[in-house]
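Residue numbers (this note's numbering), protein chains in the order written: chain A, 1 to 115; chain B, 1001 to 1114.
Where is the CB? At the ideal position from N, CA and C, for every residue including glycine.
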Amino acid sequence: EAGVTQFPSHSVIEKGQTVTLRCDPISGHDNLYWYRRVMGKEIKFLLHFVKESKQDESGMPNNRFLAERTGGTYSTLKVQPAELEDSGVYFCASSQGRGINSPLHFGNGTRLTVT
Amino acid sequence: AQSVTQLDSQVPVFEEAPVELRCNYSSSVSVYLFWYVQYPNQGLQLLLKYLSGSTLVESINGFEAEFNKSQTSFHLRKPSVHISDTAEYFCAVSGSGGYQKVTFGTGTKLQVIP
């Protein structure tokens, strides 16, 4: 079984540019989550999809961030325009169920550097 | 609201020595507690979890953690570490809201010295 995959693994962009991160969850996992870790701080929840629907996007920092999950398969997270404070590691995770007994499977993350 | 405190950002320890990674939490409701591990260039993996029942939980690779409600702690311990344990460890807490409401700590880097 393939795990959660994220592309790219690293991205370096200039302030004001646009970047799109992609996450492919484990096949059959309806639940997909985005998290972010900024500058060695805690990992923070961004949003949660159930299939193609946004279940909870309370963690999205501002309207420069747009997440989509068309067709309920892979998801993209677009940052436009990027700011310096957006630098960090963006993690995607998926789970089969929503309950606490359904384990989260994380991808390796995308390290975003905004210069 | 809930929060997690990992006071130690880095913990160096010699191989085969014991280690304790500290975690304290605060929450106004009943909690579920987790330890995740991130090996270099990999994603987070669940190491162990406390949901209910016995307050001492163990992982398959020799780590254990004890839920202490009175001290609001969930410290991670291993009696004898190996080089392969070098990684970053994250404590996390969740209430009843599911994984989207998981709150992670800032992480502790465990460096095992040969």
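Are any of the Cβ atoms in chain A nearer than 9 Å to that of residue i?
i	result
Gln1042(B)	yes
Leu1045(B)	Checking the sequence shown, residue 1045(B) turns out to be Gln, not Leu. Judged by the 9 Å Cβ criterion, Gln1045(B) is in contact with chain A.
Tyr1032(B)	yes
Phe1074(B)	no
What residues match up with residue i in a beta bridge as DSSP calls it?
i	result
Ala67(A)	Leu77(A)
Gly88(A)	Leu112(A)
His105(A)	Ser94(A)
Pro1012(B)	Gln1111(B)
Glu1020(B)	Arg1077(B)
Thr5(A)	Asp24(A)
By Cβ distance, which residues of its chain are closer than 8 Å to residue i, with the 5 residues on each side in sequence left out?
i	result
Glu57(A)	Leu46, Leu47, His48, Ala67
Ala1092(B)	Val1004, Leu1033, Phe1034, Trp1035, Tyr1036, Val1102, Thr1103, Phe1104, Gly1105
Gly1053(B)	none
Does residue i get closer than 9 Å to chain B when you measure Cβ to Cβ?
i	result
Gly40(A)	yes
Val12(A)	no
Ala2(A)	no
Gly88(A)	no
Gly109(A)	yes
Taking 6 Å as the limit between beta carbons, can you name the residues of its chain near residue i, skipping five residues before and five after?
i	result
Ser11(A)	Val19, Leu112
Glu1020(B)	His1075, Arg1077
Leu21(A)	Leu77, Tyr90, Thr110
Quiz item: When you check each C-beta in the stretch 26-56 of chain A against every C-beta of chain B, which residues fall closer than 9 Å?
Solution: Asn31, Tyr33, Tyr35, Arg37, Gly40, Lys41, Glu42, Ile43, Lys44, Phe45, Leu47, His48, Gln55, Asp56
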